[in-house]
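Undergrad: Before I ask anything, let me first share the structure, which is written out below as structure tokens.
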Amino acid sequence: MDNVLRRLRSVGPFFTAASGEEPPGAGFRPLDELYGERLGPYVGEVGRRIGSGPGRVAASTAQFGIVSRLWSLALGCAVLSGRVPDLGPDRVWWRLPEAGSLELWLPEPAERPGETLGDALADTVLGNVSVLDAALREHFGVSPRVLRGNSASGLVGALRVLADRVPGEAAVSLTAGLLADGGPLGATGTFIHEPGLGVAFVRRSCCLYYKVPGGGLCGDCVLRTR
479 MDNVLRRLRS VGPFFTAASG EEPPGAGFRP LDELYGERLG PYVGEVGRRI GSGPGRVAAS
539 TAQFGIVSRL WSLALGCAVL SGRVPDLGPD RVWWRLPEAG SLELWLPEPA ERPGETLGDA
599 LADTVLGNVS VLDAALREHF GVSPRVLRGN SASGLVGALR VLADRVPGEA AVSLTAGLLA
659 DGGPLGATGT FIHEPGLGVA FVRRSCCLYY KVPGGGLCGD CVLRTR
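In our numbering, the protein residues as written are 479 to 704.
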């Protein structure tokens, strides 16, 4: 997986994760620690940065940022190599610099097995954030509907970048399968792909970012259609 992760860095910063035995700096900790005792301070820092305070809005924004990064790595690797990295919370390490977005490091990159590529994608990303989502529901009262919508929106965001920079329809096909009725992210929104025109997605929930001072509505927000 090291070679695939190195190739993926050329797609963009959101698709970048360091790998190998040595971390790219001090301060990295396993994600399962972030999902535990470090979750409150992390959400508090996100709330400070966006100006919302450390409540539901910050918790939703924090989850959206994490799940978007995980989808970028997983979907990007699947498209480039037909393989999916194991992104279990004990295998991915994180660091939040004083200025800048979340940084990730995989000390021992390994492939995530699955009956199909779509199964492996769902298992590696949604299996990871299921732990985070449970903690956010318990400690911050964020709705499961909001969190699932965030996961779907993060997936489509990763697809849009890949579709612009990696030739082929693999990313679209995998995304459509995950969002289809009966799929792991079914009923989270309406997904449309028009060859030559791109993709469109309207979610059926709101990430709450409109409550951030000056935040406005996201491009796929359900509130745009009401």
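Note that the Cβ used here is the ideal one computed from N, Cα and C, for glycine as well. Computed from a predicted structure; not experimentally measured.
Are the beta-carbon atoms of A630 and G674 separated by less than 9 Å?
TA: No, the pair does not count as a contact, with Cβ atoms beyond the cut-off.
Undergrad: Is A612 buried or exposed, if buried means 16 or more other CB atoms sit within 10 Å of its CB?
TA: Classification of A612: exposed, given that the 10 Å Cβ count is below 16.
Undergrad: In the DSSP assignment, find the unbroken beta strand (DSSP E) run with R573 in it and report its ends.
TA: Residues 571 to 573.
Undergrad: Using the beta-carbon count (16 or more within 10 Å), is D659 buried or exposed?
TA: It is exposed - the Cβ of D659 has fewer than 16 other Cβ atoms within 10 Å.
Undergrad: Compute the distance between the beta-carbons of V700 and R681, then report whether it is under 9 Å.
TA: Yes, the Cβ-Cβ distance between V700 and R681 is below 9 Å.
Undergrad: Which full runs of the beta strand (DSSP E) of 3+ residues lie inside the segment 581 to 642, going along the chain?
TA: Those beta strand (DSSP E) runs which fall completely within the segment 581 to 642 and span 3+ residues are 581 to 584.
Undergrad: Using the C-alpha atoms, what's the distance from L614 back to L625?
TA: The alpha-carbon atoms of L625 and L614 are separated by roughly 9 Å.
Undergrad: Exposed or buried, which one is P587 when buried takes at least 16 other CB atoms within 10 Å?
TA: It is buried - the Cβ of P587 has at least 16 other Cβ atoms within 10 Å.
Undergrad: Between which two residues does the alpha helix (DSSP H) containing G525 stretch?
TA: Here the alpha helix (DSSP H) through G525 covers 517 to 528.
Undergrad: Check whether the segment 551 to 571 and the segment 530 to 539 touch, using three or more Cβ-Cβ pairs below 8 Å as the test.
TA: At 8 Å Cβ cutoff, the stretches do not touch.
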